[in-house]
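Notes follow the structure.
Have a look at this one:
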């Protein structure tokens, strides 16, 4: 299907409409630089961000990136001295390299709303979701929701070592590697590995110590691997419970019931499921019809690193080729990473006015 | 217009390319002095020889300035995003074999697989405060490969030559480079991961989907394909 283009003036008008809604919701307008220091983004997202963001070099300030999103600079600004609670809104271009699809936009407008408030997370989640749902009420959209908090609680509750839990949590956003880790933890160490670990001198044919990673670091990891080899395999029943959670897909009330049942066998998720229940109540109070809301156990795992609680997306019905019209969630973890020890509960969302128009006016 | 055929301008890659075409009755030859980059094609009508560095062939194919070209399959994949929408592989030529691999210091006895590399990278970052550095000139291929396999906490640093030396110089912790026999790796106390190569490269004859294919160029291509025994 050839990409229909919406005139820029119409996109800017739609962005202004959305901004006005966010202003009315009590948000303070903020602006950020288009050129962002690459270092913070690379530390956060790793090398993958290079495939997604335009990088340029500044002769005096080093590597810079064209703003790939607003969240990072807005969080940095807030952490540097914002009030609590705080609501922010912004509107402007973001830039994304497209290596795989020439039809995807390289620059587009995002209009966002970010809420920093630790007093009542469920109400804050509901406020942001309802605001976005209200702003896009005229457009036929499919809504997906999930909760990374339940997943991470389930991992923390596994009957296995802290080291294994940490490895799983680190790769929660990389489903292939996550699955690989689970399989390995369930199977136990392979023979080749055991031979190395039980060798009198693992370094017999190792060659000289070169490079920055020292022999002591190698020995530290060998010790960790030896400890890990003593660890009993992850019980099959636990893997099944986790799979059940990951494969869950239902309307929110039914999903909640299912999760409450799961919590009997997985008490570790009890609190997180309670949080979901409170959030659904808060959404209802805000006028959201939760009986029609979809909940997916795995939602938010592939494209939303650092979202660590409630996650949601609004999608054009029947247009799987299009990116989401709106995307949001809770990102307490991001504030923790950027805050160098401090963290502030935060939830936010962005809308793409171009896609809202494209979907809203589609025949 | 005549069909422009881009081939490597020097070294073994040029000699082998000339030999390969000669086996099919197409004679490529350089003309003029040894230093002059001009050549001729004999035994076939309407083909013009363009002598280039192998590294420039992908770009020239994608720009449509040459119709056909000989270069390594690794270079096309590295330099052209969506390469299969810009060029097609007409024939694998059976020489210039090289594997793109990831290698670590051989004293890292704890690192045999990508799984280990990922775990070592996490520990390295926690200890040193920066992401584990992998020296390479194959940025796109390596980044895509590591993303597909879910490796995190690494960074790519650019190295256009003598890549195997970067670990000893402590400008990188690991390398990603092409190797044919692995001898340079061993000489520099490096060992490749056991997961297998990222890409197995060889010299390949590509055709451009961008170049202006008028009747004359098409006719020349059909002649070449007939000589090579290729059918559509």
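Chains as they are written, first to last, in the working numbering: chain C, 5 to 367; chain E, 1125 to 1356.
Even for Gly, the Cβ is constructed at its ideal location relative to N, Cα and C.
Just so we're clear, the structure is a prediction, and the values are computed from it rather than from any experiment.
Taking 9 Å as the threshold (beta carbon to beta carbon), is residue i in contact with chain E?
{"i": "residue 111/C", "result": "no"}
{"i": "residue 155/C", "result": "no"}
{"i": "residue 42/C", "result": "no"}
{"i": "residue 66/C", "result": "no"}
{"i": "residue 222/C", "result": "yes"}
{"i": "residue 246/C", "result": "no"}
{"i": "residue 162/C", "result": "no"}
{"i": "residue 5/C", "result": "In this predicted model, residue 5/C has a pLDDT of only 40, less than 50, meaning its place in the structure is not dependable; the value taken from the coordinates is given anyway. Chain E, which has no Cβ nearer than 9 Å to the Cβ of residue 5/C, makes this no."}
{"i": "residue 103/C", "result": "yes"}
Residue i bridges to which residues according to DSSP?
{"i": "residue 1315/E", "result": "1228/E"}
{"i": "residue 1323/E", "result": "1224/E"}
{"i": "residue 114/C", "result": "96/C"}
{"i": "residue 1278/E", "result": "1256/E"}
{"i": "residue 1162/E", "result": "1155/E"}
{"i": "residue 266/C", "result": "Looking at the DSSP assignment, residue 266/C forms no beta bridge with any residue, so it has no partner."}
Who are the Cβ neighbours of residue i in its own chain at under 6 Å, not counting the five residues just before and after it?
{"i": "residue 94/C", "result": "34, 74, 116"}
{"i": "residue 118/C", "result": "78, 92, 352"}
{"i": "residue 1347/E", "result": "1168"}
{"i": "residue 1248/E", "result": "1256"}
{"i": "residue 1316/E", "result": "1225, 1227"}
{"i": "residue 190/C", "result": "237, 238, 243"}
Please classify residue i as buried or exposed, where buried requires at least 16 other C-beta atoms within 10 Å of its C-beta.
{"i": "residue 1164/E", "result": "exposed"}
{"i": "residue 1254/E", "result": "exposed"}
{"i": "residue 20/C", "result": "exposed"}
{"i": "residue 1239/E", "result": "buried"}
{"i": "residue 445/C", "result": "With chain C covering 5 to 367 only, the question about residue 445/C has no answer from this structure."}
{"i": "residue 283/C", "result": "buried"}
{"i": "residue 149/C", "result": "buried"}
{"i": "residue 1342/E", "result": "exposed"}
{"i": "residue 9/C", "result": "exposed"}
{"i": "residue 39/C", "result": "exposed"}
{"i": "residue 1286/E", "result": "exposed"}
{"i": "residue 370/C", "result": "Outside the displayed span of chain C (5 to 367) sits residue 370/C, for which this structure offers no information."}
{"i": "residue 1331/E", "result": "buried"}
{"i": "residue 367/C", "result": "The pLDDT assigned to residue 367/C is 39, lower than 50, so where the model puts this residue is not dependable; a value taken from the coordinates is nonetheless given after this. Residue 367/C should be labelled exposed."}
{"i": "residue 1203/E", "result": "buried"}
Going along chain D in order, which residues have a C-beta closer than 7 Å to the C-beta of residue i?
{"i": "residue 1280/E", "result": "Here the protein chains are C and E, and chain D is not one of them."}
Go ahead and pull the three-state DSSP assignment for residue i.
{"i": "residue 319/C", "result": "strand"}
{"i": "residue 51/C", "result": "coil"}
{"i": "residue 32/C", "result": "strand"}
{"i": "residue 1238/E", "result": "helix"}
{"i": "residue 182/C", "result": "helix"}
{"i": "residue 174/C", "result": "helix"}
{"i": "residue 196/C", "result": "helix"}
{"i": "residue 1192/E", "result": "strand"}
{"i": "residue 1138/E", "result": "helix"}
{"i": "residue 1143/E", "result": "helix"}
Residue i CB to nearest chain C CB: under 9 Å?
{"i": "residue 1186/E", "result": "no"}
{"i": "residue 1294/E", "result": "yes"}
{"i": "residue 1201/E", "result": "no"}
{"i": "residue 1144/E", "result": "no"}
{"i": "residue 1234/E", "result": "yes"}
{"i": "residue 1263/E", "result": "yes"}
{"i": "residue 1229/E", "result": "yes"}
{"i": "residue 1291/E", "result": "yes"}
{"i": "residue 1337/E", "result": "no"}
{"i": "residue 1125/E", "result": "no"}
{"i": "residue 1277/E", "result": "yes"}
{"i": "residue 1319/E", "result": "no"}
Give me, in chain order, the residues of the same chain whose beta-carbon lies closer than 7 Å to that of residue i; leave out the 5 immediate sequence neighbours on both sides.
{"i": "residue 1149/E", "result": "1167, 1351"}
{"i": "residue 108/C", "result": "102"}
{"i": "residue 1173/E", "result": "1129, 1131, 1152, 1163, 1164, 1165"}
{"i": "residue 31/C", "result": "91, 92, 93, 117"}
{"i": "residue 1359/E", "result": "Any answer about residue 1359/E is impossible in this case: the structure gives chain E only from 1125 up to 1356."}
Looking only at its chain, what residues have a beta carbon closer than 8 Å to the beta carbon of residue i, apart from the 5 residues adjacent to it on each side?
{"i": "residue 5/C", "result": "Annotation note: pLDDT 40 at residue 5/C (below 50); position unreliable, coordinate value reported separately. These residues qualify, in order along the chain: 325."}
{"i": "residue 1371/E", "result": "Because chain E here runs from 1125 to 1356, residue 1371/E falls outside it and cannot be looked at."}
{"i": "residue 83/C", "result": "339, 342, 343, 346, 348"}
{"i": "residue 167/C", "result": "228, 231, 232"}
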